[in-house]
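Presented below is the structure to which this report refers.
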Amino acid sequence: MAGDSSYIGLIGAMPAEIEPFRNVLSVEEGFQQSTILFYIGRCEDKRIVLARSGVGKVNAAAAAQLMIQSFKPKALLGFGVAGAIHSGCDIGDIVLGEKLIQHDFGWYTAGRFVPEEMFIYRGKRKQRIPWFASHPALVKTAIAATEKALLGSRQVHVGTIVSGDQVICMEEKRKDLVLRYQALATDMESAAIAQVAYMNQVPLLIIRTISDKADLSLEGTWIKKIKLALQARKEFSLAIKQGVTFVCEVLKHINLNLLFCKE
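Take 1352 as the starting number for the sequence shown in this note's numbering and just add one per residue.
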């Protein structure tokens, strides 16, 4: 099965993001390579390879590279939950990552963090890359699928997602990310998956569902903490369900024959 160019690769970080897909995919087999758990199956007429990467940029990049080398997918789709950092995004909304940026890449100097553009080497030449991007045709496909995804009052946003090995819970940090990158949401994997897709010239689409406002507070009494935890769990579950529904609808609309590796 490895090497079948008709595969679409899906990457999620956590079991809670992956398991719902097992209920909608016709899973043919599951196995583990290194620490990455893979499932092979179908969604409608599409052959799917699904990976559970683990949380964080390194895990996500490792999963993406292993998937590309082992299965040679014709397209790569990163999905899961994210925290809203823009006021226009609400819990349950979908964010399509048109641009993906690693917000924690840079250096600390004079007591402050200074971001740096990502770069890769092409031979001896250093290539600076201000952001990575989802494939325009896949973004258009996802937008077209919106009408049939039954999202109710939830909205689909297209814009920048920033990624870093940090859970963002501070209003000051949220404002900084919006001001610096005009970002809509933040997660811990998408930009890393995007970089690997770019390096391997594999068309990419990032879909994230808003599960929180990146403003979690642990202050207050233990009763308040329990209420916050229960509400967060409910919102997380709803976001997962919403995301699975939307991703499945997008998969139905993807035409692999229209994709190409280079713009």
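Here a beta-carbon is modelled for each residue, glycine too, at the ideal position from N, C-alpha and C. Only a predicted model underlies this, so the values are computations on that prediction, with no experimental measurement involved.
Suppose contacts are defined by Cβ-Cβ distances below 8 Å. Is L1428 in contact with L1556 by that definition? yes
Taking all protein chains shown into account, decide if A1495 is buried (16 or more other Cβ within 10 angstroms of its Cβ) or exposed. Around the beta carbon of A1495, a 10 Å sphere encloses fewer than 16 other beta carbons of the protein chains shown; the residue is thus reported as exposed.
Given that a residue counts as buried once 16 or more other Cβ atoms are within 10 Å of its Cβ, and exposed if not, what is A1461? Burial is judged here by how many other beta carbons sit within 10 angstroms of a residue's own beta carbon; A1461 has fewer than 16 and is exposed.
Would you say T1560 and G1407 are within 8 Å of each other, going by their C-beta atoms? No, the pair does not count as a contact, with Cβ atoms beyond the cut-off.
Counting along the chain, where does the alpha helix (DSSP H) carrying S1541 start and finish? 1541-1551
Whole angstroms are fine: how far does the CA of L1361 sit from the CA of H1486? 15 Å
My output table needs one value for G1594: the three-state DSSP class, helix, strand or coil. helix
Put T1386 into one of helix, strand or coil per three-state DSSP. Note: T1386 maps to coil in three-state DSSP.
Kindly provide the ranges of any alpha helix (DSSP H) runs that are 4 or more residues long and lie completely inside the region 1466-1520, ordered along the chain. 1487-1496
Run through the region 1419-1468 for me and flag every whole beta strand (DSSP E) of 3 or more residues, listed as ranges in chain order. 1426-1435, 1445-1453, 1457-1460, 1463-1466
In terms of residues, what are the limits of the beta strand (DSSP E) holding I1605? Premise fails: I1605 is in no beta strand (DSSP E) and is neither H nor E.
Considering Cα atoms alone, identify which of V1490, A1565, P1554 is closest to R1525. A1565
Test item: CB-CB of L1535 and A1493 under 8 Å: no
How many Å lie between A1484 and E1368 at the Cα? 22 Å
Quick check: D1563 and G1434, are their CB atoms within less than 8 Å of each other? yes
Identify which residue in V1490, A1364, I1436, Q1593 has its Cα closest to the Cα of V1409. A1364
Between which residues of its own chain and L1589 is the CB-CB distance below 7 Å, once the five residues before and five after are set aside? G1443
Please list, in chain order, all residues of the same chain as D1455 whose beta carbon is under 7 Å from its beta carbon, the five residues on each side excluded. G1515, D1516, Q1517
Under the three-state reduction of DSSP, which class applies to A1364: helix, strand or coil? coil
Answer yes or no: do V1513 and I1452 have a C-beta to C-beta separation smaller than 8 Å? yes
Give me, in chain order, the residues of the same chain whose beta-carbon lies closer than 6 Å to that of S1480; leave out the 5 immediate sequence neighbours on both sides. The displayed chain sequence assigns Ile, not Ser, to residue 1480. Cβ neighbours of I1480 beyond the five flanking positions: M1469.
At which residues does the beta strand (DSSP E) containing K1524 begin and terminate? K1524: not part of any beta strand (DSSP E); member of the alpha helix (DSSP H) spanning 1522-1532, first to last residue.
From this set, C1520, G1431, H1604, H1508, which residue's C-alpha is nearest I1544's C-alpha? G1431
Please report the straight-line C-alpha distance between V1547 and R1393, rounded to a whole angstrom. 24 Å
Below 8 Å on the Cβ atoms is my guess for G1381 versus F1389; work out the distance and round it to an integer in Å. 7 Å
Who are A1402's beta bridge partners in DSSP? I1362, F1389
Do E1449 and V1344 come within 8 Å of each other at the CB atom, strictly closer than that value? Only positions 1352 to 1614 of the chain appear in the structure, and residue 1344 is not among them; the question remains open.
Tell me whether Y1532 is buried or exposed, calling it buried when 16 or more other Cβ atoms sit within 10 Å of its Cβ. Answer is buried; the Cβ neighbour count reaches 16.
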